[in-house]
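Participant:
2 protein chains.
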Amino acid sequence: MTPRISELGAHVGQRVTVRGWVTHVRSSGKIAFAVLRDGTGIAQAVFVKSQVPGEVWERFGTLTLETSVSVTGEVRAEPRAPGGYELGVAALEVIGASPTDYPIQPKEHGIDFLLDHRHLWLRSARQRAIAAVRSELEQAVHDFFYERGFLRVDTPILTAAIGERSGLFSTEYFEEGTAYLAQTGQLYGEAAAAAFGKIYTFGPTFRAEKSKTRRHLTEFWMIEPEVAWYDSNDNMRLQEDFVSFLVARVLERRQAELKELERDVSKLETVKAPFPRINYTDAVAILQGKGSAVQWGDDLGAEDEALLVEGYDRPVFVTNYPKEAKAFYMKENPDDPRTVLCDDCLAPEGYGEIIGGSQREDDYDRIVQRIKDEGLPMDAYGWYLDLRKYGTFTHSGFGLGLERTVAWICGLQHIREVIAFPRMMYRLRP
Amino acid sequence: MTPRISELGAHVGQRVTVRGWVTHVRSSGKIAFAVLRDGTGIAQAVFVKSQVPGEVWERFGTLTLETSVSVTGEVRAEPRAPGGYELGVAALEVIGASPTDYPIQPKEHGIDFLLDHRHLWLRSARQRAIAAVRSELEQAVHDFFYERGFLRVDTPILTAAIGERSGLFSTEYFEEGTAYLAQTGQLYGEAAAAAFGKIYTFGPTFRAEKSKTRRHLTEFWMIEPEVAWYDSNDNMRLQEDFVSFLVARVLERRQAELKELERDVSKLETVKAPFPRINYTDAVAILQGKGSAVQWGDDLGAEDEALLVEGYDRPVFVTNYPKEAKAFYMKENPDDPRTVLCDDCLAPEGYGEIIGGSQREDDYDRIVQRIKDEGLPMDAYGWYLDLRKYGTFTHSGFGLGLERTVAWICGLQHIREVIAFPRMMYRLRP
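Protein sequence lines, in the order shown, are assigned to chains Z and P.
Position one of the first sequence corresponds to residue 1076 (our numbering), numbered consecutively onward.
Position one of the second sequence corresponds to residue 1076 (our numbering), numbered consecutively onward.
Next comes the structure, spelled out in structure tokens:
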């Protein structure tokens, strides 16, 4: 039998063969230990000199960091061992040697060095924990929408021009001219919502921005639901249910990983719907009272966001931003036409915006005017306008930034560790 | 109450309000019918002239194709009605009118016209059925791997040069030079498999190829699992379990959509593991016996693939292709070094290749030689070679083309209908 390390608990008392990589060795001269990892867990292999063939003992002496091995022995529960199980070794084969110049040693390395060796850095316990939380969260996203009858729709990455926007990556597209990498799937999501009722997208989005903050990647993943007949209020209810569901799932199934990351889970356990809602105009007054220089009409910066969520034990919605601070497709607020029916969802602990959502402008004339006001090319939006021309409908949606959400849940200050191979302004490799 | 149409069964005998779009109207003068769709289903609204206010009856007269409406009435089960339920109308509001020039009328349209109006074409029953099967299949993909302890890994789209390959889309990437849109996540998946054991990717991939066949898109989605310690045989077992699982899920949960598509489900019900395996060398002999001009060393074309699967009631593996016909990273077959340990999985009914898989070359010297033989730039592969240098490991993986798989399961001849907004050589809009 060749179980994965995560399956050893089902094989206590049995002889099995485990394949994995050496992460640590020590020897007293009579008894020796090798800690193995195989990506699913870690286990300790115990070599007793008097009980193993001489060549096995000698082979143990050749093991280096990241040597790949096949170890055969009896599985024993051992609470003191890393991983909780150990193998009483009977046989050891070296599959792949690992030269002693293995780049990542058990010491401090600089971030650039680690990112240059991201393909090996991923093997660390911390990076595996982050990857497992991310993967769990992704499954939770799909389960949440599947259970609620949403169809997943894959919107295009390669898109024709939708205006002179900044921050777009572009590529030549045969004889069609220039194609741009999508910054959002939303406009397509709106068309799909009219066709399928409740939809969501899940895919990579791109920003060619010269940002070097801890919250920016040039390539990042977004989840963008769009729902026919939802107004702004329904939209926020969906958001708070969604975020609560994601956090609860990680708490339920990834405690070991959160522990590895030394995450204070008490800060996550309070994340339950409903979330507080603060009107933008009130938020500005609160921030000014706290000493911020923000003025009505400004978008909120990262510092303002952190200031605003102080004292809250769960995410906070800031609603109804000024029209000028937000995108053209947001619906005008009938109660205050200077503002739009939108929300930003700010994570607690100063992690900042994880969601931007809005009710969409569904009035044909108003959205035509907004496109003109913004100086966008009307002809590029012809198909989008059709959604308002033929049976327009109340609809709302939002975009959740996957990396920012994972960073918050894992308690990470920088999102570069949250994706397997991060892409930033100065980082295209490996 | 404002249920979705798919939820009407839970509201029989109750008064509800349904919001949706008009797909069909007819009237006898005393009784009138409007068929509504809301993306989750269809239902019939019944207007009895003598029982509704005069203005409601008049308003019925204004309904056109794709007018959006809100209809209030009592839910009745009615097996003869489209969708199985009808509403005995008490009130009708028009939300969004639909001019009579609505582009897609109940008549034949040419494919270019339909693709130009894809944002509206998606509203048809047939397109909704395809989208629902695709979405179901996507969820099934995630469930399959999640249940088996795989981590999902999102590999990068923007990648540095990995050689003078053809068919790459490229974009300027700040001061890092040119970035290329990934054709596969596999190489990154291999690094992740060494870190996490069992992984899969799920994302868009890109081919800038001037292909105009019914099986090519420039942007399509791939699922690429990669598993440490799996050999070619384990890999094929995973593939046949995976494909069987996907087909069974769609049969279990999307019968209505398969019926809408007039799919002969008996052709799907036989898709069960294990799948037959034909060695490439045998396949060539079989094909030659059937009159094909194929010669040993050639890759198999679409016609050969269709010829080969004749008479099989499930997918067929063709194994161990000649080295020259396949990519550099495939492991040499020790039993016949002219060939590699790989498989193509061919769908039945002539739908062709849906999976390409292989055991990866894990010998450092051999893969260096293959990179040299192919004329690829060694320095671009430094990080990839590290996987063979530090604790090399047996590993295998495959790539399943999502659109081809959906096209086969739905019984579609062309994959352009299988994705919401297809991208082809002459198609970048909408």
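Glycine included, each C-beta is placed from N, C-alpha and C at the ideal position.
Within this structure, are the beta carbons of residue 1382/Z and residue 1365/Z separated by less than 7 Å?
Facilitator: Yes, Cβ-Cβ distance for residue 1382/Z and residue 1365/Z is below 7 Å.
Participant: Have a look at residue 1356/P and residue 1425/P and give me their C-alpha separation to the nearest angstrom.
Facilitator: When rounded, the distance between both Cα atoms is 20 Å.
Participant: Less than 7 Å between the C-beta atoms of residue 1192/P and residue 1179/P, yes or no?
Facilitator: yes
Participant: At the 7 Å Cβ level, is residue 1495/P part of the contact set with chain Z, yes or no?
Facilitator: Closer than 7 Å to some Cβ of chain Z, the Cβ of residue 1495/P qualifies, so yes.
Participant: Can you name, in chain order, every residue of its own chain whose Cβ lies under 6 Å from the Cβ of residue 1296/P, other than the five neighbours on each side?
Facilitator: 1279 and 1477
Participant: Report the three-state DSSP secondary structure of residue 1288/P (helix, strand or coil).
Facilitator: coil
Participant: Using the DSSP secondary-structure output, state which residues sit across from residue 1327/Z in a beta bridge.
Facilitator: Answer is none; residue 1327/Z lacks a bridge partner.
Participant: From 1293/P, 1164/P and 1298/P, pick the residue whose C-alpha is nearest to that of residue 1217/P; which is it?
Facilitator: The shortest CA-to-CA distance from residue 1217/P to any of 1293/P, 1164/P and 1298/P is the one to 1298/P.
Participant: Going along chain P, which residues have a C-beta under 8 Å from residue 1141/Z?
Facilitator: 1465 and 1466
Participant: Going straight from the alpha carbon of residue 1137/Z to that of residue 1143/Z, what length do you get?
Facilitator: One C-alpha to the other measures close to 11 Å.
Participant: To which residues does DSSP link residue 1419/Z through a beta bridge?
Facilitator: 1393/Z and 1431/Z
Participant: Residue 1091/P and residue 1078/P - do their beta-carbons sit closer together than 7 Å?
Facilitator: yes
Participant: Assuming residue 1083/P and residue 1150/P are in contact, meaning their beta carbons sit under 8 Å apart, how far apart are those beta carbons, in whole angstroms?
Facilitator: Contact between residue 1083/P and residue 1150/P holds: CB atoms are separated by about 5 Å, below the 8 Å threshold.
Participant: Provide the residue span of the beta strand (DSSP E) that contains residue 1170/Z, from first to last.
Facilitator: 1160-1171
Participant: Note down, in chain order, every chain P residue with its Cβ under 8 Å from the Cβ of residue 1174/Z.
Facilitator: 1464 and 1465
Participant: Below 8 Å, can you find three or more Cβ-Cβ pairs linking the segment 1458-1467 of chain P to the segment 1272-1288 of chain P?
Facilitator: Put simply, the segment 1458-1467 of chain P does not touch the segment 1272-1288 of chain P. Fewer than three CB pairs are less than 8 Å apart.
Participant: Give the DSSP bridge partners of residue 1097/P, in chain order.
Facilitator: 1111/P
Participant: Would you say residue 1114/P faces chain Z, with C-beta separation under 7 Å as the test?
Facilitator: yes
Participant: Check whether the segment 1156-1170 of chain Z and the segment 1446-1458 of chain Z touch, using three or more Cβ-Cβ pairs below 8 Å as the test.
Facilitator: no
Participant: Does any CB atom of chain Z fall closer than 7 Å to the CB of residue 1241/P?
Facilitator: no
Participant: Within the continuous alpha helix (DSSP H) that includes residue 1367/P, where are the two ends?
Facilitator: No alpha helix (DSSP H) contains residue 1367/P, which DSSP labels as neither H nor E.
Participant: Counting along the chain, where does the beta strand (DSSP E) carrying residue 1273/Z start and finish?
Facilitator: 1273-1281
Participant: Any Cβ of chain Z within less than 7 Å of the Cβ of residue 1221/P?
Facilitator: yes
Participant: Determine which residues share a DSSP beta bridge with residue 1399/P and list them.
Facilitator: In DSSP, residue 1399/P forms no bridge with anything.
Participant: Please confirm whether residue 1454/Z has its beta-carbon closer than 7 Å to some beta-carbon of chain P.
Facilitator: no
Participant: Per DSSP, what kind of secondary structure is residue 1246/P in: helix, strand or coil?
Facilitator: strand
Participant: For residue 1483/P, count the other beta carbons within 10 Å of its own beta carbon; 16 or more makes it buried, fewer makes it exposed. Which is it?
Facilitator: buried
Participant: Under a three-way DSSP split, which group does residue 1123/Z fall into?
Facilitator: strand
Participant: Under three-state DSSP, which class holds residue 1232/P?
Facilitator: coil
Participant: Give a yes or no on whether the C-beta atoms belonging to residue 1427/P and residue 1419/P are separated by under 7 Å.
Facilitator: Not a contact, by the Cβ cut-off of 7 Å.
Participant: Just to make sure I have the definition right: I need the residues of chain P whose C-beta is within less than 8 Å of the C-beta of residue 1214/Z. Which are they?
Facilitator: 1217, 1221 and 1227
Participant: Could you compute how far the alpha carbon of residue 1367/Z sits from the alpha carbon of residue 1292/Z?
Facilitator: Per the coordinates, the alpha-carbon of residue 1367/Z lies some 27 Å from the alpha-carbon of residue 1292/Z.
Participant: Output yes if chain Z places a C-beta closer than 7 Å to the C-beta of residue 1249/P; else output no.
Facilitator: yes
Participant: Quick check: the Cα distance between residue 1128/Z and residue 1388/Z, rounded to an integer number of angstroms?
Facilitator: Their Cα atoms are separated by approximately 59 Å.
Participant: Count the other CB atoms, across all protein chains shown, that sit within 10 Å of the CB of residue 1186/P; report buried if there are 16 or more and exposed otherwise.
Facilitator: Exposed, since its Cβ has fewer than 16 Cβ neighbours within 10 Å.
Participant: Strictly by DSSP, which residues pair up with residue 1354/P?
Facilitator: According to DSSP, residue 1354/P bridges with 1394/P.
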